[in-house]
Amino acid sequence: MSSPAPSATVAIPPCLAPMRWRRFRSRKRQRTPPPRVRPHTSRRAVMSSPERYRVLALSAAKHDYVALAFKNHPRFQVVGVSDDPSAADWVHESNEQLASDLGVSYEPGIDEAIARHHPDVAVVSPEAARHASLSVRAARAGLHVVQDKPMAPTVADCDAIVEAVERAGVRFLLWNRNTQPAIEEARRVVHAGEIGEPRAIHVDFFFCKDAGVLLDSDESEVIPDSWLSEGELTVEGIYPLAYMRHILGLDAVRAFGRASAHFFRRHAERGVEDIATVSLEMEGGVIGSLCSGRIGRPSHPNIGELRVHVVGSTGALVIAEPRPEVAVHTRGLAPDDYRNRRTDEETDRRQVDLLVRALDTGGDTLLTARQGRHIVATVTAALQSARTGRPCDVTRPS
Numbered sequence: 001m002s003s004p005a006p007s008a009t010v011a012i013p014p015c016l017a018p019m020r021w022r023r024f025r026s027r028k029r030q031r032t033p034p035p036r037v038r039p040h041t042s043r044r045a046v047m048s049s050p051e052r053y054r055v056l057a058l059s060a061a062k063h064d065y066v067a068l069a070f071k072n073h074p075r076f077q078v079v080g081v082s083d084d085p086s087a088a089d090w091v092h093e094s095n096e097q098l099a100s101d102l103g104v105s106y107e108p109g110i111d112e113a114i115a116r117h118h119p120d121v122a123v124v125s126p127e128a129a130r131h132a133s134l135s136v137r138a139a140r141a142g143l144h145v146v147q148d149k150p151m152a153p154t155v156a157d158c159d160a161i162v163e164a165v166e167r168a169g170v171r172f173l174l175w176n177r178n179t180q181p182a183i184e185e186a187r188r189v190v191h192a193g194e195i196g197e198p199r200a201i202h203v204d205f206f207f208c209k210d211a212g213v214l215l216d217s218d219e220s221e222v223i224p225d226s227w228l229s230e231g232e233l234t235v236e237g238i239y240p241l242a243y244m245r246h247i248l249g250l251d252a253v254r255a256f257g258r259a260s261a262h263f264f265r266r267h268a269e270r271g272v273e274d275i276a277t278v279s280l281e282m283e284g285g286v287i288g289s290l291c292s293g294r295i296g297r298p299s300h301p302n303i304g305e306l307r308v309h310v311v312g313s314t315g316a317l318v319i320a321e322p323r324p325e326v327a328v329h330t331r332g333l334a335p336d337d338y339r340n341r342r343t344d345e346e347t348d349r350r351q352v353d354l355l356v357r358a359l360d361t362g363g364d365t366l367l368t369a370r371q372g373r374h375i376v377a378t379v380t381a382a383l384q385s386a387r388t389g390r391p392c393d394v395t396r397p398s
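Numbered per our numbering, the sequence shown spans residues 1 to 398.
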C-alpha cells in the first residue's frame with residue numbers, strides 16, 4: 001500500500017463546468033441519447049475515493065507525455081511501466097526510458113504487473129494498432145483507462161473499448177488538447193451566448209513537422225522501424241474534432257473529405273494523407289470544416305497554424321490556439337528552435353485535475369469513450385468520402 005498524501009483541492013476552470021445553452025435548447029437535436037449501460041457492481045465502485053490513485057503505464061511506444069503528466073501529482077502515484085513481452089525491441093527501449101524518467105521499474109508482462117501493483121488507472125500509449133486490445137484488457141481488469149490518440153484504427157475497435165469500459169463501470173479518458181486556455185475561453189464565450197447561435201465552425205490544425213524527405217526530392221531515405229505508417233487525419237484528427245465538440249457541444253452527422261495532397265514521399269508512396277480537408281454537417285444544422293496535416297518544418301515560424309473560427313448569428317470568434325505565447329529572438333538559438341513559446345504549460349496538469357474529479361465523483365471525463373468513438377467514426381467517414389467522392393454518414397453505435 002502507498003503512504004497517503006494530503007488531499008489536494010482540484011480547481012475546475014469555470015469554462016469546463018456544466019453549462020446551459022438557452023439559445024440551443026429550443027432547437028431540435030438530431031441525436032438520441034445513447035442507452036444507459038448499467039455497469040457491473042464491483043468492490044472498487046462502492047469504495048470511497050482513495051487519497052492517491054495508483055497508475056500503471058502500459059507501453060510508451062507512442063508518446064511518454066501522457067504518463068509523465070501523472071508524475072508528482074498529489075492524487076496519483078505511478079507504480080510501474082509494463083508491456084507485453086512480445087513487443088518490438090524499440091518499444092521495450094522506449095518503455096525502459098519512460099520507467100527511468102518516472103523513477104519506477106519496467107516489468108514486461110502486463111497481467112503479472114497488474115496482479116503485483118494493484119493499480120487503479122492504466123495509461124495506455126502503445127502503437128495505435130494495440131490501443132484497443134490494451135484498453136479492453138485494462139478495463140476488464142477493473143482499471144480506469146487514460147489512452148493516447150487515436151482511439152483505435154477502426155470503429156469496431158472503438159466499439160469494443162466502449163463496451164468493455166461501460167460493462168466494467170470504469171472511466172475512460174481519451175487524451176486531448178481541450179484544456180488549452182484559448183479553447184476553454186472559446187467554449188465559455190459560445191456557451192454564454194455572446195455570438196448568438198453558432199452557425200459554423202472551422203479549424204485549421206497544421207503541424208510544421210517533417211516526415212522524411214519531400215515528395216520531389218532525389219534524396220534516399222531510410223524509414224525507421226518506429227514509423228507507423230499512419231495518416232495525419234487518422235492520427236491528429238482527434239484534436240480539431242474534439243475542439244468542435246468541446247466548444248459547441250455538437251457532433252458531426254455527415255462528412256465530405258479530400259486527402260490526396262502530399263508534401264512527403266513516404267506518405268504518398270504508402271497512400272496515407274499528409275493533408276486533409278473535411279466539410280461536416282453537424283447537429284442542429286451547424287456547418288463544420290477543418291484542414292489538418294503535417295506541412296514541414298520550414299513552413300511556419302511556430303509549431304504550426306492552429307486556429308479556430310466560430311460564426312454565430314450575432315458575432316464571430318477567431319481563436320489562436322497556441323496563445324498566450326511569447327516570441328523569443330536571441331543569439332544562440334538553433335535553426336529548429338521555436339521562436340514563439342507558450343506561456344501556459346499547465347494544460348496537461350489541468351486535464352489530470354479534471355480526471356481526478358471524474359474518478360472521485362463517477363462523472364464523465366473530458367473526452368469519454370463514446371465521444372472518442374464518434375471522432376473515429378467521423379474520421380472514417382471523411383476518409384471513405386475522400387475515396388468515393390461522395391458525402392458519407394457518420395455511424396452511430398448500434
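Beta carbons: idealized from backbone N, C-alpha and C, even for Gly.
With C-beta atoms as the reference, is residue i less than 8 Å away from residue j?
i, j, result
"I238", "P150", "yes"
"V78", "N95", "no"
"V352", "A69", "yes"
"G109", "P126", "no"
"F263", "L233", "no"
"F172", "L306", "no"
"A386", "V394", "no"
Could you spell out where the beta strand (DSSP E) holding residue i opens and where it closes?
i, result
"D204", "P198 to F207"
"S82", "F76 to D83"
"E185", "Looking at the DSSP string, E185 is not in any beta strand (DSSP E); the run it does join, the alpha helix (DSSP H), is P181 to H191."
"I319", "A316 to A320"
"S292", "I287 to R294"
"L174", "F172 to L174"
"A334", "Where A334 is concerned, there is no enclosing beta strand (DSSP E), given that its DSSP letter is neither H nor E."
Helix, strand or coil, according to DSSP, for residue i in the structure here?
i, result
"P108", "strand"
"L68", "helix"
"A87", "coil"
"D393", "strand"
"V124", "strand"
"L354", "helix"
"A57", "strand"
For residue i, is the classification buried or exposed, using 16 other Cβ atoms within 10 angstroms of its Cβ as the cut-off for buried?
i, result
"S59", "buried"
"W90", "exposed"
"I161", "buried"
"G293", "buried"
"E321", "buried"
"S260", "exposed"
"N176", "buried"
"D64", "buried"
"L383", "buried"
Starting from residue i, trace the alpha helix (DSSP H) in both directions and tell me its first and last residue.
i, result
"A382", "A369 to T388"
"M244", "I238 to L248"
"S133", "H131 to R140"
Please go through the same chain and pick out, in chain order, the residues whose beta-carbon is closer than 6 Å to the beta-carbon of residue i, but skip the five residues on each side of it.
i, result
"A200", "I287 and V311"
"A122", "L56, L58, A138, L143 and V145"
"V203", "P240, Y243, L290 and V308"
Excluding the 5 residues preceding and the 5 following residue i in the sequence, name in chain order all residues of the same chain whose CB lies nearer than 7 Å to its CB.
i, result
"V376", "P150, M151, A152, V155 and C158"
"S313", "G196, E197 and R199"
"T368", "F172"
Which same chain residues, not among the five before or five after residue i, have their C-beta less than 8 Å away from its C-beta?
i, result
"S105", "G80, V81 and A99"
"A87", "S59, A61, N95, P108 and P126"
"V190", "P198, I247, L248, V310, G312 and L317"
Any heavy atom of the ligand MN closer than 7 Å to the Cβ of residue i?
i, result
"R137", "Of ligands this structure carries none, so the ligand MN is not represented either."
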